[in-house]
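Asks: Numbering (the numbering used here), first residue to last: 28 to 216.
Idealized CB from N, CA, C, for every residue including glycine.
After the structure tokens below, expect a handful of questions from me.
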């Protein structure tokens, strides 16, 4: 098969699926080995960038997805009747960051870290498809374990969790000292 046909087939697959597709599935569908398929997709990604196209192919944990480029978002908003963008409040962002860095994590562990109930935040994050249930902890009550989704990776522009920013050790010590001081103040009252 000619290269144009292979690239066209990859575009058709990614466009029609609308979600990410694993490299192995793409390779099987077009009848080419995974290594070659990956090279072809990366060449397409580079060409889309060079040609300043409105679409791009992104990589998410050994899967690929076709989507629009961020810089063209405003044009999409202009044509959409009522664009809905999830509102991530400080509480929801704090809960999301705990899930992202501690996953798999239970609701009780999140609440222990935050110091308050987090039912609403967890429900919103599931609704926004930023976190999902990963299974259950083998412990009394079998609590649900939560982790992030591919949508989380997409929204925050990272290919995998290893790309998340690493907290500064000095800042962590400052946070710990501040938390201990706050806890001591509560005990003194």
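Just the Cα atoms here: how many angstroms apart are residue 205 and residue 119?
Replies: Taking the chain shown and counting its residues from 1, one reaches residue 205 at position 178. Taking the chain shown and counting its residues from 1, one reaches residue 119 at position 92. Approximately 22 angstroms, taken between the alpha carbons.
Asks: For the segment 167-183 against the segment 124-142, are there 3 or more C-beta pairs whose distance is under 8 angstroms?
Replies: Yes: the two stretches touch, three or more of their Cβ pairs being nearer than 8 angstroms.
Asks: Shortest alpha-carbon distance to residue 186 belongs to which of 42, 31, 47, 43?
Replies: Locating residue 186 in the chain shown gives position 159, where the first residue counts as 1. Among 42, 31, 47, 43, the Cα nearest to that of residue 186 belongs to 47.
Asks: Pick out whichever of 96, 95, 100, 158 has its Cα sitting closest to the Cα of residue 125.
Replies: On the chain shown, position 98 is the one that residue 125 refers to. The candidate whose alpha carbon is nearest that of residue 125 is 158.
Asks: Please report how far the alpha carbon of residue 81 lies from the alpha carbon of residue 163, in whole angstroms.
Replies: Within the chain shown, the letter at position 54 stands for residue 81. Within the chain shown, the letter at position 136 stands for residue 163. Distance between the alpha carbons of residue 81 and residue 163 is about 41 angstroms.
Asks: How is residue 104 classed by DSSP in three states: helix, strand or coil?
Replies: Locating residue 104 in the chain shown gives position 77, where the first residue counts as 1. If DSSP states are grouped into helix, strand and coil, residue 104 belongs with the helices.
Asks: Considering only C-alpha positions, which residue in the set 193, 33, 196 is nearest to residue 68?
Replies: Along the chain shown, one-based indexing puts residue 68 at 41. Nearest of 193, 33, 196 to residue 68, Cα basis: 33.
Asks: Are the CB atoms of residue 153 and residue 122 within a distance shorter than 8 angstroms?
Replies: Within the chain shown, the letter at position 95 stands for residue 122. Within the chain shown, the letter at position 126 stands for residue 153. Not a contact, by the Cβ cut-off of 8 angstroms.
Asks: Please classify residue 107: is it buried, with 16 or more other beta-carbons within 10 angstroms of its beta-carbon, or exposed?
Replies: Translated into the one-based positions of the chain shown, residue 107 becomes position 80. It is exposed - the Cβ of residue 107 has fewer than 16 other Cβ atoms within 10 Å.
Asks: Exposed or buried, what is residue 179 when buried is set at 16 or more other beta-carbons lying within 10 Å of its beta-carbon?
Replies: Numbered from its first residue, the chain shown carries residue 179 at position 152. Per the 10 Å Cβ criterion, buried.
Asks: Could you please give the first and the last residue of the uninterrupted beta strand (DSSP E) stretch that includes residue 161?
Replies: Locating residue 161 in the chain shown gives position 134, counting from the first residue. Counting along the chain, the beta strand (DSSP E) containing residue 161 begins and ends at 158-163.
Asks: Could you work out which residue in 91, 96, 86, 92 is closest to residue 77 when comparing CA atoms only?
Replies: The residue given as residue 77 occupies position 50 in the chain shown. Answer by Cα proximity: 96.
Asks: Kindly indicate which three-state DSSP category residue 180 falls into: helix, strand or coil?
Replies: Position 153 of the chain shown, counted from the start, is the residue given in the question as residue 180. It is helical.
Asks: So residue 50 and residue 84 are in contact, right, with Cβ under 8 angstroms, and what is the actual spacing, rounded?
Replies: Start at 1 with the first residue of the chain shown, and residue 50 comes out as number 23. Start at 1 with the first residue of the chain shown, and residue 84 comes out as number 57. Contact flag wrong, Cβ pair sits at about 12 angstroms.
Asks: Compare the Cα-Cα distances from residue 129 to each of 114, 101, 175 and report the closest residue.
Replies: Against the chain shown, residue 129 aligns to sequence position 102. Per the Cα distances, 175.
Asks: Helix, strand or coil for residue 93? Go by DSSP, reduced to three states.
Replies: Along the chain shown, read from residue 1 onward, the residue named residue 93 stands at position 66. Note: residue 93 maps to strand in three-state DSSP.
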